[in-house]
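Residue numbers (this note's numbering), protein chains in the order written: chain A, 86 to 296; chain B, 86 to 296. All C-beta atoms in this analysis are idealised placements derived from N, C-alpha and C, irrespective of residue type, glycine included. No experiment lies behind these values; they were computed from the predicted model shown.
Number of protein chains: 2
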Amino acid sequence: QRILSRNDHLAQHNRELLQKAQVFATNWISAPGSGKTRLIERMLEDNRLGQEIFVIEGDQETSRDRDRIRAKGGQAVQINTGSACHLDAHMVHEALHQLPLKPKSFLVIENVGNMVCPTAFDLGEAFKVAVISCTEGEDKPLKYPDLITNAKVLLINKIDLLPHLDFDLEACGSFAKRINPAITVFAVSAKTGEGMEAFYAWVLSAKGAET
Amino acid sequence: QRILSRNDHLAQHNRELLQKAQVFATNWISAPGSGKTRLIERMLEDNRLGQEIFVIEGDQETSRDRDRIRAKGGQAVQINTGSACHLDAHMVHEALHQLPLKPKSFLVIENVGNMVCPTAFDLGEAFKVAVISCTEGEDKPLKYPDLITNAKVLLINKIDLLPHLDFDLEACGSFAKRINPAITVFAVSAKTGEGMEAFYAWVLSAKGAET
Ligand SMILES: Nc1nc2c(ncn2[C@@H]2O[C@H](COP(=O)(O)OP(=O)(O)OP(=O)(O)O)[C@@H](O)[C@H]2O)c(=O)[nH]1
Ligand SMILES: Nc1nc2c(ncn2[C@@H]2O[C@H](COP(=O)(O)OP(=O)(O)OP(=O)(O)O)[C@@H](O)[C@H]2O)c(=O)[nH]1
Ligand SMILES: [Mg+2]
Ligand SMILES: [Mg+2]
Ligand SMILES: [Zn+2]
Ligand SMILES: [Zn+2]
């Protein structure tokens, strides 16, 4: 019988709270600057998920990401982690009680930009979303495998920049499948919206399966 | 009297070892995919530092970066950190004993891609080099301040992509100066070599001042 760490215990509490409130929560993890906030802005602009999107923003410092989400009409709270490099279930628990969550809505938890430590912490989400920007190089799934092992879906973002890069999109996707054969991969651009329709359809069916 | 942590103790040992060997060591920190390895490749290609460059590569997994450096004629060893998100002085100590370091040479320690945790660990280097890619957004110095506070120099890399980005180069530099007024900032492209001459001149004078 594995002794649940304090974090796992709280994560389980968060998960029960979210299930009772009928809120579908995901935990978004990437390197700094891969486009997590831009992707959430795009989801708010497109409004294709049919329900309200609430956002918990995690950053060492500033409320810049929360302000960007609010500017797009989203309800967002900001967690500043200071020297901590990842969100934990305790921080998220506090933030959950600050949001007027509605049944059937979505909760996006944008983690601190870091491909390593956030992958190990359960926050109470349904699953983790990994984001890799094609400006970072196709080798990232192999070099930072925890990101891929712990995610259900990988978004390869900023594909509008492909004409200007030496990035091998095929290789990046197959490297991810090598690390986690079950992962689903989408190539998208948060800037132009390319590829997002397929991702929205996938999220809606994943939500249907979970709730 | 601050009690030196075990890491600081070992870092001090590394620093003495490097000073005795007359090797000028720097610790390069960035987000994953900012171009640390590409910058080292560029330094090997340009050969403008006048002395041999030894490299310690830090990654969760793979020896891909070490192999890239060796392919450019550099002497490199690879440290795989597994689940650890940063290099520490103990890991570097082991690697130091594997390199045939020469007097007056350079040692570049490429840390694990992570803007947070590596900034807190002294490895025995002369100073830290921060790298931010202009594909990551100009807000990074404000959102990940530890990276800037702990660095002596900031390289804003990939400026060859500026025509295709909404990146504000001026703002990024001034945000960094706001966080750390003493930091020196260079705008460079590891791909085209633009801006590297000024950086080489700065490194040579910094090395002269330290040794
Ligand atoms: N060309 C292009 N740029 C993008 C895209 N998505 C994001 N960006 C840019 O990438 C930079 C970083 O985007 P953010 O949304 O702030 O990234 P993030 O992952 O939220 O960053 P942190 O929260 O700081 O870790 C900004 O300059 C964005 O404009 C995209 O699809 N295409
Ligand atoms: N256009 C352009 N691309 C660059 C430049 N520097 C690096 N890249 C590209 O950016 C991607 C990542 O470069 P790397 O050198 O592997 O970055 P890194 O910081 O060493 O990455 P990790 O060690 O995995 O954290 C690769 O696709 C490079 O080709 C640059 O100056 N301009
Ligand atoms: Mg963000
Ligand atoms: Mg590298
Ligand atoms: Zn960490
Ligand atoms: Zn020793």
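Residue i and residue j closer than 8 Å at C-beta
| i | j | result |
| --- | --- | --- |
| glycine 222 of chain A | glycine 118 of chain B | yes |
| alanine 174 of chain A | aspartate 207 of chain A | yes |
| leucine 124 of chain A | valine 238 of chain A | no |
| histidine 171 of chain A | asparagine 199 of chain A | yes |
| arginine 166 of chain B | valine 197 of chain B | The identity of residue 166 of chain B in the sequence shown is threonine, whereas the question assumes arginine. Yes; because the gap between Cβ atoms is below 8 Å, this pair is in contact. |
| glycine 209 of chain B | leucine 103 of chain B | yes |
| valine 214 of chain B | alanine 180 of chain B | no |
| glutamine 145 of chain B | aspartate 224 of chain A | no |
| leucine 254 of chain A | isoleucine 241 of chain A | yes |
| histidine 178 of chain B | histidine 98 of chain B | yes |
| glutamate 295 of chain B | alanine 211 of chain B | yes |
7 Å CB neighbourhood of residue i in its chain, flanking five on each side removed
| i | result |
| --- | --- |
| leucine 184 of chain A | Phe139, Gln160 and Val162 |
| arginine 151 of chain A | Glu142, Ala161, Val162 and Gln163 |
| alanine 291 of chain A | none |
| alanine 246 of chain B | The amino acid at residue 246 of chain B is misidentified as alanine; the sequence shows leucine. Here the set comprises Cys219 and Thr220. |
| lysine 121 of chain B | Trp113, Ser115, Glu195 and Val216 |
| arginine 153 of chain B | Thr122 and Glu126 |
| glycine 278 of chain A | Arg127 and Asp131 |
| leucine 289 of chain B | Leu134 |
| alanine 96 of chain A | Ala174, Asp207, Leu208 and Gly209 |
| arginine 100 of chain B | Gly209 |
| aspartate 93 of chain A | Asp207 |
| arginine 155 of chain A | Ala161 |
| proline 188 of chain B | Ala106 and Gln107 |
| proline 248 of chain A | none |
Residue i in three-state terms, based on DSSP
| i | result |
| --- | --- |
| glycine 293 of chain B | helix |
| aspartate 152 of chain B | helix |
| glycine 300 of chain B | In the structure as shown, chain B starts at 86 and stops at 296, and residue 300 of chain B therefore has no counterpart that could be examined. |
| valine 270 of chain A | strand |
| alanine 169 of chain B | coil |
| alanine 96 of chain A | helix |
| lysine 121 of chain B | helix |
| asparagine 218 of chain B | Residue identity check: residue 218 of chain B is serine in the sequence provided, not asparagine. Here serine 218 of chain B sits in strand by DSSP. |
| serine 259 of chain A | helix |
| alanine 161 of chain A | strand |
| glutamine 86 of chain A | Note that glutamine 86 of chain A scores a pLDDT of 41, beneath 50, so its modelled location is shaky; the value from the coordinates is reported in the next line. Reduced to three states, the DSSP call for glutamine 86 of chain A is coil. |
| leucine 102 of chain A | helix |
| alanine 275 of chain B | coil |
| valine 238 of chain B | strand |
| alanine 116 of chain B | coil |
| leucine 227 of chain B | helix |
| glutamate 137 of chain B | coil |
| leucine 192 of chain B | strand |
| alanine 174 of chain B | helix |
| glycine 280 of chain A | coil |
Neighbourhood of residue i by C-beta distance below 6 Å, restricted to the same chain and skipping five residues each side
| i | result |
| --- | --- |
| methionine 176 of chain B | Ile164 |
| glutamine 86 of chain B | A caution first: glutamine 86 of chain B carries a pLDDT of 42, below 50, which makes its placement in the model too unreliable to give a value. |
| phenylalanine 260 of chain A | Pro226 and Leu227 |
| glycine 280 of chain A | Phe271, Ala272 and Val273 |
| tyrosine 229 of chain B | Met200 |
| lysine 276 of chain B | Asp245 |
| serine 148 of chain B | Gln163 |
| lysine 157 of chain B | Glu126 and Leu129 |
Beta-carbon contacts of residue i that lie in its chain and below 8 Å, excluding the five residues immediately before and after
| i | result |
| --- | --- |
| threonine 234 of chain B | Thr204, Ile264 and Asn265 |
| lysine 262 of chain B | Ile268 and Val270 |
| glycine 293 of chain A | none |
Which residues have their C-beta within less than 6 Å of a heavy atom of ligand 4, listed in chain order?
-> Shown in chain order are the residues whose CB sits closer than 6 Å to a heavy atom of ligand 4: B/Lys121, B/Thr122, B/Asp150 and B/Glu195.
Assess, as a yes-or-no matter, whether the stretch 117-137 of chain A is touched by the stretch 279-287 of chain A under the definition of 3 or more beta carbon pairs within less than 8 Å.
-> In short, these stretches touch, since the Cβ pair count reaches three.
State whether the stretch 105-122 of chain B contacts the stretch 179-194 of chain A, with contact taken as three or more CB pairs (one from each stretch) at a distance under 8 Å.
-> With the cut-off at 8 Å, the stretch 105-122 of chain B and the stretch 179-194 of chain A do not touch.
Beta carbon nearer than 7 Å to a non-hydrogen atom of ligand 5 = The filter returns A/Cys170, A/His171, A/Asn199, A/Val201, A/Cys202, B/Cys170, B/His171, B/Asn199, B/Val201 and B/Cys202, in chain order.
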